[in-house]
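S.K.:
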Amino acid sequence: MQTLASLLLLLVASHAHAAPEVGRRLLSRPDGRQPWKNAPPGNMTVVIHFNQLGQLAIRQTSTGLQLAAKYLALVAQAQRTVAQRYRRPDMQVAAAAYAGHAVLTRLFPLLSVNFDAVMRDYTDGLTPVQLNQVSQQGINIAQKLVAQSLTDGLAEWADWYTPPVGPQPAGVYAFTPGQTFALLPQLARTRPLVIPRPDPFEQGGPNPAASPAFAADLAEVRDVGQKGFAEPQDVTTAQFWFNGPGTASSAGQWSDVAMSLLPVNTTTFAAADLLYRLNAAMFDASIVCWYTKYKTNFWRPITAIRATIGPDTWEPVLNTPSHPEHPSGHSCAGGAAGQILTNFFGTSDLDITVGSEWPIWSAPTLPKRTYSSLWDAVQEGMDSRVYAGVHYRRAVNVGKAIGVKVAQFVWNAGAPAATVDYEDR
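If you use mature numbering (1 follows the signal peptide of the UniProt record, and there is no 0), the sequence shown corresponds to residues -18 to -1, 1 to 407, in order.
1. Compare the Cα-Cα distances from ALA345 to each of ARG41, PHE183, THR105 and report the closest residue.
2. How far does the alpha helix (DSSP H) with VAL336 in it extend, from its first residue to its last?
3. Which ranges would you report for the alpha helix (DSSP H) in the segment 212 to 271 if only whole runs of at least 4 residues count?
4. What does a CB cutoff of less than 8 angstroms around GLN390 pick up in its chain, not counting 5 residues either side in sequence?
5. For TRP393, count the other beta carbons within 10 Å of its own beta carbon; 16 or more makes it buried, fewer makes it exposed. Which is it?
6. Please name the residue in THR229, ALA253, VAL386 whose C-alpha comes closest to that of ALA240.
7. With a threshold of 8 angstroms, are at least 3 pairs of Cβ atoms found where one atom belongs to the segment 201 to 213 and the other to the segment 360 to 370?
8. Tell me which residues share the same chain as LYS382 and place their Cβ nearer than 7 angstroms to its Cβ, disregarding the 5 neighbours each side in the sequence.
9. Taking the runs of the alpha helix (DSSP H) that are 4 residues or longer, which of them lie wholly in the segment 24 to 76?
10. According to DSSP, what are the bridge partners of PRO188?
11. Apart from the five residues on each side of it in sequence, which residues of its chain come closer than 8 angstroms, Cβ to Cβ, to THR347?
12. Run the CB neighbour count on ASP255, radius 10 Å, all protein chains shown included, and call it buried at 16 or more, exposed below.
13. Please state if the CB of PRO227 and the CB of SER44 are separated by a distance shorter than 8 angstroms.
14. Output the residue ranges of the alpha helix (DSSP H) runs that lie fully inside the segment 93 to 170 and measure 4 residues or longer, sorted by chain position.
15. Assuming residue 450 and LEU38 form a contact by the criterion Cβ under 8 angstroms, report the distance between their Cβ atoms to the nearest whole angstrom.
16. Since I believe ALA81 is in contact with VAL64 (beta carbons under 8 angstroms), could you give me their beta-carbon distance rounded to a whole number of angstroms?
17. May I ask you to list the residues that DSSP assigns as paired with PHE280?
18. Would you mind reading off the limits of the beta strand (DSSP E) that contains THR352?
19. Out of curiosity, what's the CA-to-CA distance linking TRP104 and VAL28?
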């Protein structure tokens, strides 16, 4: 009988391409050893499995994109770190399982039964001494990473931010109908995983509220993003890329794309390395995004349309998120994902299949979509936020530019490498 782990591997293999030269230079250790050469086909399964378990926890806790990207990055970072410490594939895999398990149980302790249930799939066959060794390595690294993450400022009170009260001047963010709080202002001052700070990665503010460029953007979103009047195909696109509460968020959606592209001989290290870079780039891009949002504090389409060109009963296709408009968080994530995957696989011209979790809290009903380029998918994700009636064209373009710039820095910086010698010498 096949284990759950082997079934996951078959699922990914069914979408795999011929093995490309996946970032060989950046997958090498500083001492010249190359962990991706050490393992037989198929040992990436443990990385895929714990990413999927992380996505499950994200759904069950309604964790949003920003935290989801951080959590999935921590899981992958712990796994890639321990994978470098062993030459034996079975010990690499077991250590990665302990690392992934330890991160997830610390982030989602009430869901630990989900993570406990799979451990034997990756630890059977090791001696008690070996199990003790890999468990301590995995747990120690996970504890360190999670402890560091708790001091990044994301859980701090944002006492510097004053939420809007009542109507605001033209161009200034105000709560939209039904909103009573602004989401995650503290993310603007959170310590990133890779980039040094957010301000060098800004890509410009919104078009001034009195400018012709803003008038054109406003007219576009009014016409294409109005509830009850939008084109059916545009509504479906807005829904497809929604990724709201109860889904694995854009972080999960892009992680699935990445995993579907990995060749079947991808090692534990290489798979974890990709998922770390991907999710770290999306998290750091979100920090730049939120830094810009709470700096520019720009009004949302529903506010601007009702106050200016009308109609004064205008409503967006999807509910407006509870934070300032500029730039688009979805687009920041999409730009980051597109650039990391382009760098990793050496091209953006890849046939990809993307799934959607719409509608939330029930079985998805929208069919998967296929694209012949990563950037075609990114662009559609950007367009979806205009079709949703929640962003202007300027915001999605700037968001993509932020994501691309952050991702290129993450790629060039590499990922933290283990400096210890192999543990199973």
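In this text, a Cβ means the ideal position worked out from N, Cα and C, and glycines have one as well. Just so you know, these numbers come straight off a predicted model, no measurement behind them.
M.R.: Taking the structure as given:
1. Here the question's residue 345 lines up with position 363 in the sequence shown. For the set ARG41, PHE183, THR105, the Cα lying nearest the Cα of ALA345 is the one of ARG41.
2. Taking the sequence shown and counting its residues from 1, one reaches residue 336 at position 354. Under the DSSP assignment, VAL336 falls outside any alpha helix (DSSP H), being part of the beta strand (DSSP E) whose first and last residues are 334 to 336.
3. The qualifying runs are 214 to 222, 231 to 243.
4. To locate residue 390, count along the sequence shown from 1; it is residue 408. Answer for GLN390: GLN321, ASN325, listed in chain order.
5. Translated into positions along the sequence shown, residue 393 becomes position 411. Burial is judged here by how many other beta carbons sit within 10 angstroms of a residue's own beta carbon; TRP393 has at least 16 and is buried.
6. Counting from one through the sequence shown, the residue named residue 240 turns up at place 258. Closest by alpha carbon: ALA253.
7. Yes, the segment 201 to 213 touches the segment 360 to 370.
8. Counted from its first residue, the sequence shown places residue 382 at position 400. Excluding positions up to five away in sequence, the list reads SER313, GLY316, GLY317, VAL360, MET364.
9. Look at the segment 24 to 76 and you find these whole runs of alpha helix (DSSP H), each 4 residues long or longer: 27 to 42, 47 to 65.
10. Taking the first residue of the sequence shown as position 1, residue 188 is located at position 206. Under the DSSP definition of a beta bridge, PRO188 lacks any partner.
11. The residue given as residue 347 occupies position 365 in the sequence shown. Cβ within range, chain order: TRP340, PRO341.
12. Numbered from its first residue, the sequence shown carries residue 255 at position 273. ASP255 should be labelled buried.
13. On the sequence shown, position 62 is the one that residue 44 refers to. On the sequence shown, position 245 is the one that residue 227 refers to. Yes, the pair counts as a contact, with Cβ atoms nearer than the cut-off.
14. Qualifying alpha helix (DSSP H) stretches, in chain order: 94 to 98, 102 to 105, 110 to 131.
15. Any answer about residue 450 is impossible in this case: the structure gives the chain only from -18 up to 407.
16. Start at 1 with the first residue of the sequence shown, and residue 64 comes out as number 82. Start at 1 with the first residue of the sequence shown, and residue 81 comes out as number 99. Yes, they are in contact, since the Cβ atoms of VAL64 and ALA81 sit about 5 angstroms apart, within 8 angstroms.
17. The residue labelled residue 280 in the question sits at position 298 within the sequence shown. When beta bridges are read from the DSSP output, PHE280 appears opposite VAL154.
18. The residue you call residue 352 lines up with position 370 of the sequence shown. Where THR352 is concerned, the enclosing beta strand (DSSP E) stretches over 351 to 353.
19. For the purposes of this step, residue 104 is taken as the residue at position 122 of the sequence shown. For the purposes of this step, residue 28 is taken as the residue at position 46 of the sequence shown. The sequence as given places Tyr at residue 104; Trp does not occur at that position. Straight-line Cα distance between these residues: approximately 7 angstroms.
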